[in-house]
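Sequence positions in the sequence shown follow my numbering and run 14 to 978.
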Amino acid sequence: MPYIDQLNNYARKKITDRASRLVDDYTNELGRSEFSFSLNTDFSLRNANFDILLPLSGNESNFEDGNLLLFVQPGVVINSNDLYQGRDFAHIGFGIRGGDEDSIWGTNFFYDRDITRGHQRGSLGIEYINKHLTLSGNYYFPLSGWKDSPSAFETMGNGKLEERPANALGLRFKGYIPHNRSFFVSADYQQFFGEYVESRSGKDPIENLFKLSTAINYKPIPIMTLSTGYSYEKGGEQDFNVGVQGTYRLGVPLAKQFDRTEADSDFSIASHFLDLVDRDHNVRLEYRKKLEEVLLTFNTSTITMMEGSKKALSGLVSLSGTKSQVTSWVAYGSAKHDVSTQDRTKFYTAPRYKDNVTRLRDNSINQYELFVEAKLATGQVVRTTTPLLITVTPDQTPSLEKSRLTIQSINPINGDSKTAGINQTDGLLVSASFFNVLGRPLVSQLVTLKADLKGSYFKEKNKPVIELYSSSQGMVEGSLLSKEEGTVNITAVLNGIELKQSGNFVDLVSVVDVSKSSLSVSPKKIVADGVATTTLELILKDKLGKPVNNQTVEFESDGLANLTIGQVKHNENGLYTASMKGLTAGSASITVKVNGSIIKIPPQVVILQEGNASAEHSEFIASKNFITADDSKGLELTLRLRDLNGNKVQSRDVRFKLAGVDRVNVNKVVENKGNYTAILTGQTAGKVLVSVLVDGKPFNIGPLTIEIGSGDAKVVKSKLTVSPNDFVAGDNRGSTLVLELNDNNGNPVTDQKVKFIVKSEGEQAFASPSFTLSKVIESKGRYTATIKSTSAQKLTVSALVNDTVFAVASQTVTIKPGEVSNSGSELSVSPATISAGGSTESTLTLALKDAHGNAVSGKTVVLGATGVSGVTVGATTESATSGTYTATLTAGNTAGVATTTVTVDGESFAVASKTVTIEAGEISTTQSSLSVSPATITAGGSTGSTLTLVLKDAHGNAVSGKTVV
14 MPYIDQLNNY ARKKITDRAS RLVDDYTNEL GRSEFSFSLN TDFSLRNANF DILLPLSGNE
74 SNFEDGNLLL FVQPGVVINS NDLYQGRDFA HIGFGIRGGD EDSIWGTNFF YDRDITRGHQ
134 RGSLGIEYIN KHLTLSGNYY FPLSGWKDSP SAFETMGNGK LEERPANALG LRFKGYIPHN
194 RSFFVSADYQ QFFGEYVESR SGKDPIENLF KLSTAINYKP IPIMTLSTGY SYEKGGEQDF
254 NVGVQGTYRL GVPLAKQFDR TEADSDFSIA SHFLDLVDRD HNVRLEYRKK LEEVLLTFNT
314 STITMMEGSK KALSGLVSLS GTKSQVTSWV AYGSAKHDVS TQDRTKFYTA PRYKDNVTRL
374 RDNSINQYEL FVEAKLATGQ VVRTTTPLLI TVTPDQTPSL EKSRLTIQSI NPINGDSKTA
434 GINQTDGLLV SASFFNVLGR PLVSQLVTLK ADLKGSYFKE KNKPVIELYS SSQGMVEGSL
494 LSKEEGTVNI TAVLNGIELK QSGNFVDLVS VVDVSKSSLS VSPKKIVADG VATTTLELIL
554 KDKLGKPVNN QTVEFESDGL ANLTIGQVKH NENGLYTASM KGLTAGSASI TVKVNGSIIK
614 IPPQVVILQE GNASAEHSEF IASKNFITAD DSKGLELTLR LRDLNGNKVQ SRDVRFKLAG
674 VDRVNVNKVV ENKGNYTAIL TGQTAGKVLV SVLVDGKPFN IGPLTIEIGS GDAKVVKSKL
734 TVSPNDFVAG DNRGSTLVLE LNDNNGNPVT DQKVKFIVKS EGEQAFASPS FTLSKVIESK
794 GRYTATIKST SAQKLTVSAL VNDTVFAVAS QTVTIKPGEV SNSGSELSVS PATISAGGST
854 ESTLTLALKD AHGNAVSGKT VVLGATGVSG VTVGATTESA TSGTYTATLT AGNTAGVATT
914 TVTVDGESFA VASKTVTIEA GEISTTQSSL SVSPATITAG GSTGSTLTLV LKDAHGNAVS
974 GKTVV
């Protein structure tokens, strides 16, 4: 049957497709191999290459699902003798690829080995493939170092060489022709780095060689690719070549790989997932001249150097086996700390010599070891194998810069430290200290001290020339006396180096005697205004009390600014005078120079007083312009009182005057060098104007405005009120809540967060309030809100201030019911039916309410009934203060329907009325009657008689509703 054949065909197709996919999956996982070779233009074999890519995980069938391909790619390259000197290479690489339906990306690492010469190289690569092109980049770097090379080149002197793999960068490109993928073009650019890089032909190496190759490729069948190309290499080397590449897909039937139609089939990214990595597998070399064996030795094993002397390191050593220049030196050993660089040259400077005391203290000697390391221009580093022993000797030559000679008078004359009197037992103390250029004291050296003034001699040996040995500090001392006055030149000599100083000997009889001389000033106080003056007066006398005239006298002050001292006038009798004035207040200490030297006469003090206070030059400030009324620290007022010249005006009666608010205080004004301060505190909030009084008079400065704010709110000074304290429910005026916040001094406290808490009397705060409370409004410390309600109730009001309970006395608001309302009130009777005769009663109940449904109590209510005689209603009473009024209705002997009546406070109250039905009592035989009419009728049924039964109770009320037979 036809449909059975169709079903068989469908099943057969499904099974075949599934089997095909399984075969494809298996095939794709096996990998891909390539064998290629290229020929020279004479069709001789140029080189051959074999590679195979094997997946470690992933394959081309599932990469679009996000799976990655991990692979390994080993291979080998065979070169002819005219390429890379006939060297052959092996390599192995590992990589990872990923992608999607539009592109493939990948990265890889390869290890290359030079089979012929044993070199090793590595590379890092990246690759990118899409529908139109393939891009790849590789960076090549050596993994093995320099080794001897069997090659020799004329450009490198035909000498011995060393070689290693060259550093390089390579970029490769493939571009496919649309709609015909049998044809594609490729290009390759490689840049090598190095001074001498191998050319592929084996000719002379070239610096930073590069190579550019292009090719046109044709793939007639999937398993084979034909190519022809051109390459150019820096240095002019170029060639044309043809090549054949075979690509075998492991596991794919050969028939499919030889199928012409497969070569130009529609492109699929997946078909390139197992493409072999495109890179240069040839290991190109870099050369350098082989370095000579170099020796670095010291010229001698020991050397003696004077402390402070220096030698260049290059002069201490010999370098053999090379003509290369040294580019840098490094020192080692105990002497390395004394090596320094000067003008790009390394020097060793002998350190300071250690004397016996230092050697014993530090357990050291004056010997040091030095090792030297030199770096050559070739990159070689050589080092001495044995040390140079350096012995340091002392430098006993004094340094004029560091040595010194001092003279000090034991009893200075008029303050001159280099002048002594003749014929005295104490004269000039001469001290000489000798140091060499390194600052080391010259110890135990013979020093000569000489004095050239006739009549002078050193007390130690009574001679003008003496010899002394220097101490451990390099110092000698001598006491020089004289019998003659004059200038004495003193010389200290060590190892031919002279130090010189001069002093004076004077006859004390002819010299100014400070004790007999005097200095005075008059007046001792002047105003510092640049106008008022004082007179400085100096009287000079000698030892005998005689005037000393014709001296050069200078009056000096000890640093008070803006002082002017006039020209000194000399009168006879040793009198010297000058005038002085100034602009700066303070104390000026006056001293005197005579003939350029200060004489130690007691100084005199002139007081320059400040002038009148100037508002323009004074300053009035406050430490702050705001305080609170409860701030006990207050603020500090400061008046900096100055005169026209900026001098501090002291000892004035300064007071601060206040205006504006009451209860503001200023404590006693305290003065400190023209600065007058006081503390201001206040208890009343408001603004205070502070002005100044100086010596009881207003001082034209300021005034300052100080603001005193209220302090913290205090319960004892605050209060909560309500007005009115009751109102009628529904009254739109309600009641006003007022919280008056005051600080401890009764000042209103403003800008607080106030909230009124309203509770039913004795209850918690309302969850769903039966009242409305308006927003709190503040005015000068009064916080108000309005409460309204339509519910009669009693409320308690308290307050929160800044979210904290404020313990002011709470207040009560009573909301009273309004006038009674007809529609809101209700009248009821129970039961609605009673029996006549007074044996049963009915209760009348009136619930009296206002228009808002509030119970109205305290009314005079009279409940009554009309319509049936004999009905009585008892007195109306109210149940507590509930607004519910009740009375008892009692029936009389008459049956009927009684209608209720209501009066409130004597007025008829038009509440909906109710009725009470009064039924007859039990049938009374005495009150009931039976009659017939007519009383006689004829037999035979032609006439009849009417029987009438009137039923009544005991009170004569008709009784109805009975079943009578």
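Cβ coordinates follow ideal geometry from the N, Cα and C atoms, glycine included.
CB of residue i within 7 Å of CB of residue j, strictly
{"i": "residue 322", "j": "residue 348", "result": "no"}
{"i": "residue 742", "j": "residue 867", "result": "yes"}
{"i": "residue 257", "j": "residue 123", "result": "no"}
{"i": "residue 915", "j": "residue 924", "result": "yes"}
{"i": "residue 678", "j": "residue 690", "result": "no"}
{"i": "residue 102", "j": "residue 127", "result": "yes"}
{"i": "residue 842", "j": "residue 880", "result": "no"}
{"i": "residue 287", "j": "residue 211", "result": "no"}
{"i": "residue 199", "j": "residue 187", "result": "yes"}
{"i": "residue 1", "j": "residue 379", "result": "In the structure as shown, the chain begins at 14 and stops at 978. Residue 1 is therefore absent and cannot be evaluated."}
{"i": "residue 687", "j": "residue 661", "result": "yes"}
{"i": "residue 133", "j": "residue 162", "result": "no"}
{"i": "residue 665", "j": "residue 707", "result": "yes"}
{"i": "residue 600", "j": "residue 620", "result": "yes"}
Residue i in three-state terms, based on DSSP
{"i": "residue 739", "result": "strand"}
{"i": "residue 211", "result": "coil"}
{"i": "residue 875", "result": "strand"}
{"i": "residue 697", "result": "coil"}
{"i": "residue 97", "result": "helix"}
{"i": "residue 146", "result": "strand"}
{"i": "residue 269", "result": "helix"}
{"i": "residue 720", "result": "strand"}
{"i": "residue 865", "result": "coil"}
{"i": "residue 585", "result": "coil"}
{"i": "residue 350", "result": "helix"}
{"i": "residue 167", "result": "helix"}
{"i": "residue 665", "result": "coil"}
Own chain, CB closer than 6 Å to residue i, minus 5 neighbours either side, in chain order
{"i": "residue 394", "result": "388"}
{"i": "residue 877", "result": "886 and 914"}
{"i": "residue 650", "result": "635, 669, 691 and 693"}
7 Å CB neighbourhood of residue i in its chain, flanking five on each side removed
{"i": "residue 757", "result": "643, 724, 727 and 730"}
{"i": "residue 747", "result": "740, 799, 800 and 801"}
{"i": "residue 809", "result": "772, 774, 823 and 825"}
{"i": "residue 614", "result": "527, 530, 532 and 605"}
{"i": "residue 912", "result": "878, 879, 880, 926 and 928"}
Distance between residue j and residue i (C-alpha atoms, nearest Å)
{"i": "residue 562", "j": "residue 587", "result": "5 Å"}
{"i": "residue 175", "j": "residue 207", "result": "13 Å"}
{"i": "residue 439", "j": "residue 419", "result": "16 Å"}
{"i": "residue 466", "j": "residue 583", "result": "34 Å"}
{"i": "residue 976", "j": "residue 962", "result": "12 Å"}
{"i": "residue 509", "j": "residue 452", "result": "18 Å"}
{"i": "residue 93", "j": "residue 272", "result": "33 Å"}
{"i": "residue 737", "j": "residue 817", "result": "26 Å"}
{"i": "residue 972", "j": "residue 896", "result": "40 Å"}
{"i": "residue 715", "j": "residue 770", "result": "49 Å"}
{"i": "residue 547", "j": "residue 536", "result": "5 Å"}
{"i": "residue 872", "j": "residue 850", "result": "32 Å"}
{"i": "residue 512", "j": "residue 618", "result": "42 Å"}
{"i": "residue 268", "j": "residue 191", "result": "26 Å"}
{"i": "residue 241", "j": "residue 213", "result": "19 Å"}
{"i": "residue 377", "j": "residue 457", "result": "20 Å"}
Close Cβ partners of residue i (< 8 Å) along its chain, the five nearest in sequence each way excluded
{"i": "residue 940", "result": "965, 966, 967, 968 and 969"}
{"i": "residue 864", "result": "743, 831, 832, 834, 836 and 837"}
Rounded distance between the beta-carbons of residue j and residue i, thought under 8 Å
{"i": "residue 639", "j": "residue 550", "result": "With a Cβ gap of about 58 Å, residue 639 and residue 550 do not count as contacting."}
{"i": "residue 401", "j": "residue 314", "result": "7 Å"}
{"i": "residue 69", "j": "residue 83", "result": "4 Å"}
{"i": "residue 565", "j": "residue 607", "result": "7 Å"}
{"i": "residue 501", "j": "residue 462", "result": "Not confirmed; about 12 Å, so no contact."}
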